[in-house]
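For the sequence shown, counting from 1, position 3 maps to 4 in my numbering; every step adds exactly one.
Below is one structure, written out as structure tokens; comments come after it.
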Amino acid sequence: LDTANQERKRCLTPPDTAETFSVLRLLDKIERKA
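Set out below in structure tokens:
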């Protein structure tokens, strides 16, 4: 189970980081507007 979870996390890492970057970009745009 541990190894399966680790592999799942490894597979999910790229989309997670991409989502985080898009959120940070949105926050950056909002801060610049304010």
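Where is the CB? At the ideal position from N, CA and C, for every residue including glycine.
Quick caveat, the model's predicted, so the values are computed rather than measured.
Check	Outcome
Rounded separation between Glu32 and Asn6 - CA only	37 Å
CA-to-CA distance, Ala35 to Lys10, given in whole angstroms	36 Å
CA-to-CA distance, Glu20 to Leu27, given in whole angstroms	11 Å
Separation of Leu25 from Thr4, as counted between CA atoms	31 Å
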